[in-house]
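Enquirer: Protein sequences appear in the order of chains A and B.
Just so we're on the same page, my numbering is the position in the first sequence counted from 1, plus 1.
Just so we're on the same page, my numbering is the position in the second sequence counted from 1, plus 1.
Each residue gets a CB set at the ideal place from its N, CA and C atoms; glycine is no exception.
Below you'll find the structure I mean.
Number of protein chains: 2
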Amino acid sequence: MSSSGKVNKDVPKPTEAELELLRILWERGPDTVGAVHKAREGQGTGYTTTLKLLQRMTEKGLVLRDESQHAHVYRAAITAEKTQRQLVRDLLQRAFGGSPLQLVVQALSEKRASAEDLSAIRQLLDEMEQKEDTNRKKTP
Amino acid sequence: MSSSGKVNKDVPKPTEAELELLRILWERGPDTVGAVHKAREGQGTGYTTTLKLLQRMTEKGLVLRDESQHAHVYRAAITAEKTQRQLVRDLLQRAFGGSPLQLVVQALSEKRASAEDLSAIRQLLDEMEQKEDTNRKKTP
DNA sequence: TCGTGTCAACGACAATTGTCGTAGAGCGGA
DNA sequence: TCCGCTCTACGACAATTGTCGTTGACACGA
Numbered sequence: 002m003s004s005s006g007k008v009n010k011d012v013p014k015p016t017e018a019e020l021e022l023l024r025i026l027w028e029r030g031p032d033t034v035g036a037v038h039k040a041r042e043g044q045g046t047g048y049t050t051t052l053k054l055l056q057r058m059t060e061k062g063l064v065l066r067d068e069s070q071h072a073h074v075y076r077a078a079i080t081a082e083k084t085q086r087q088l089v090r091d092l093l094q095r096a097f098g099g100s101p102l103q104l105v106v107q108a109l110s111e112k113r114a115s116a117e118d119l120s121a122i123r124q125l126l127d128e129m130e131q132k133e134d135t136n137r138k139k140t141p
Numbered sequence: 002m003s004s005s006g007k008v009n010k011d012v013p014k015p016t017e018a019e020l021e022l023l024r025i026l027w028e029r030g031p032d033t034v035g036a037v038h039k040a041r042e043g044q045g046t047g048y049t050t051t052l053k054l055l056q057r058m059t060e061k062g063l064v065l066r067d068e069s070q071h072a073h074v075y076r077a078a079i080t081a082e083k084t085q086r087q088l089v090r091d092l093l094q095r096a097f098g099g100s101p102l103q104l105v106v107q108a109l110s111e112k113r114a115s116a117e118d119l120s121a122i123r124q125l126l127d128e129m130e131q132k133e134d135t136n137r138k139k140t141p
């Protein structure tokens with residue numbers, strides 16, 4: 002791993018508020034503080050709160066800042082997938098002792114999954130079993 | 002919902018250290034501070050740290066304390082299942098926008114699940130689809 | 001009874017987190 | 001040119017979290 006340029010250092014786990022901002026950036030793409038702040042109106046928090054969070058996230062490496070314009074443009078430094086994987090792995094270790102089964106059970110029983118989701122998961126299971134067999138033959 | 006007696010008030014989400022202690026209590030059952038502390042040796046933390054955490058957890062309602070003995074005995078006030086459900090729901094909302102599919106995908110791809118796990122999940126899917134059909138007829 | 005070791009209570013502390021207020025910098029229109 | 005807006009920078013603050021140190025209360029054996 003770490004073969005191609007993506008050095009992607011060790012960014013810390015985002016906090017709750019930070020994750021909320023990251024979700025906005027993932028959804029809307031790079032944007033200014035003002036835009037991000039407007040996207041989270043209703044939280045009742047002030048503009049400087051959003052600004053401060055983004056500034057600290059920049060220091061942590063969670064977001065990148067383009068200062069070429071008067072209004073700085075922020076963009077997520079980590080992908081949604083990578084972050085989600087990190088969070089799931091973390092929860093898996095901390096709350097489930099590393100066993101994914103119970104996590105999946107809870108996830109599925111928590112929110113009524115759609116029929117499409119169920120079949121998608123079923124397909125994923127098929128692929129995993131396929132690969133499992135392949136591995137069994139390759140690495141005995 | 003909230004049909005049967007289990008009123009189970011609103012305990013806060015356990016922090017990282019608190020969750021670690023809860024896992025010990027879940028696994029070993031009610032025990033003293035000393036025993037819990039021994040179970041987490043290697044973390045390099047002191048006895049009073051464990052004590053303080055358990056005391057604060059008592060105030061929060063995360064654990065219950067039996068003071069009838071000189072060495073107080075603590076036990077988890079919430080079940081592992083309920084806590085896991087809470088944590089999964091939380092992560093689902095905060096990181097996945099409420100869609101369980103991606104969470105399941107990450108969970109399964111994160112750690113190579115055993116063949117038993119896979120078939121267990123498959124069975125769960127069957128049950129969910131079964132119930133889904135039932136619900137569709139009962140609550141249109 | 002006295003000493004020694006175990007344990008709980010309390011307070012303290014640094015780091016982190018979420019939240020602002022205030023002070024300037026810079027730009028665009030009157 | 002000057003005014004007003006928009007934005008950033010900086011610092012401050014309370015609450016939370018993880019971590020101890022110190023101080024007493026207790027209990028049990030010598």
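1) Measuring CB to CB, does Leu88 (chain B) end up less than 9 angstroms from Arg76 (chain B)?
2) Between Pro15 (chain B) and Thr84 (chain B), how many whole angstroms is the CB-CB distance? I'm expecting something under 8 angstroms.
3) Quick one: which residues of the stretch 102-128 of chain B get their C-beta closer than 9 angstroms to a C-beta of chain A? List them in chain order.
4) Looking at chain A, is there any beta carbon in it that lies within less than 9 angstroms of the beta carbon of Gly98 (chain B)?
5) Since Leu54 (chain B) and Glu19 (chain B) should fall inside the 8 angstroms C-beta cutoff, what is the C-beta to C-beta distance between them, to a whole number of angstroms?
6) Sorted by chain position, which residues of the same chain lie with C-beta nearer than 7 angstroms to Glu21 (chain B)'s C-beta, five sequence neighbours on each side aside?
7) Among A:Asp32, A:Leu52 and A:Ala116, which one has its Cα closest to the Cα of Gln131 (chain B)?
8) May I have a chain-ordered list of the alpha helix (DSSP H) segments no shorter than 4 residues that lie completely inside the stretch 59-133 of chain A?
9) I want to see whether chain A comes within less than 9 angstroms of Leu63 (chain B), judged by CB atoms only; does it?
10) Which partner residues of Thr33 (chain B) appear in the DSSP bridge assignment?
11) For Arg90 (chain B), return the contacting residues in chain A, with the cut-off set at a CB-CB distance below 7 angstroms.
12) Give the DSSP-derived three-state secondary structure of Gly45 (chain B) in the structure shown.
13) Could you say which of A:Val12, A:Gln70, A:His73 and A:Val74 lies nearest to Glu60 (chain A) if we only look at CA atoms?
14) Note down, in chain order, each residue of its chain lying with its Cβ closer than 8 angstroms to the Cβ of Leu26 (chain A), except the 5 sequence neighbours on either side.
15) Quick one: is Thr80 (chain B) near chain A, going by C-beta distance under 9 angstroms?
16) Measuring only the C-alpha atoms, how far is Arg29 (chain B) from Gln70 (chain B)?
17) Between Val12 (chain A) and chain B, is there a C-beta pair that is closer than 9 angstroms?
18) I believe Val34 (chain A) touches Thr51 (chain A) by the beta-carbon criterion, under 8 angstroms. Please report the beta-carbon distance rounded to the nearest angstrom.
19) Given that Arg95 (chain B) touches chain A, what residues does it touch there, using C-beta distances under 9 angstroms?
20) When Cβ atoms are compared, which residues of the stretch 44-64 of chain A fall closer than 9 angstroms to chain B?
21) For the candidate residues A:Gln44, A:Leu109, A:Gln103 and A:Gly98, whose alpha-carbon lies nearest to that of Gly99 (chain B)?
Expert: Per the coordinate set shown:
1) Leu88 (chain B) is not a Cβ neighbour of Arg76 (chain B), given a cutoff of 9 angstroms.
2) For Pro15 (chain B) against Thr84 (chain B), the beta-carbon gap comes to about 7 angstroms, under 8 angstroms, which counts as contact.
3) Close to chain A, meaning a Cβ-Cβ distance shorter than 9 angstroms, are the following residues of the stretch 102-128 of chain B: Leu102, Gln103, Leu104, Val105, Val106, Gln107, Ala108, Leu109, Ser110, Glu111, Lys112, Arg113, Ala114, Ser115, Ala116, Glu117, Asp118, Leu119, Ser120, Ala121, Ile122, Arg123, Leu125 and Leu126.
4) Closer than 9 angstroms: yes.
5) Yes, they are in contact, since the Cβ atoms of Leu54 (chain B) and Glu19 (chain B) sit about 6 angstroms apart, within 8 angstroms.
6) Only Arg41 meet the Cβ criterion.
7) That would be A:Ala116, whose Cα lies nearest to the Cα of Gln131 (chain B).
8) Runs of the alpha helix (DSSP H) inside the stretch 59-133 of chain A: 81-97 and 101-111.
9) Interface annotation, Leu63 (chain B): not in contact with chain A, CB-CB separation never under 9 angstroms.
10) Thr33 (chain B) pairs with B:Val74.
11) Residues of chain A passing the Cβ test: Glu111.
12) DSSP places Gly45 (chain B) in coil when its eight states are reduced to three.
13) For the residues A:Val12, A:Gln70, A:His73 and A:Val74, the minimum Cα distance to Glu60 (chain A) belongs to A:Val12.
14) These residues qualify, in order along the chain: Asp32, Val37, Val64, Tyr75, Arg76 and Ala77.
15) Closer than 9 angstroms: no.
16) So the two alpha carbons sit approximately 19 angstroms from each other.
17) It does not: the Cβ of Val12 (chain A) has no partner Cβ on chain B nearer than 9 angstroms.
18) Yes, they are in contact, since the Cβ atoms of Val34 (chain A) and Thr51 (chain A) sit about 6 angstroms apart, within 8 angstroms.
19) In chain order, Glu17, Leu20, Glu21, Arg24 and Leu88 make up the part of chain A whose C-beta sits under 9 angstroms from the C-beta of Arg95 (chain B).
20) Of all residues in the stretch 44-64 of chain A, none has a Cβ within less than 9 angstroms of some Cβ in chain B.
21) For the residues A:Gln44, A:Leu109, A:Gln103 and A:Gly98, the minimum Cα distance to Gly99 (chain B) belongs to A:Leu109.
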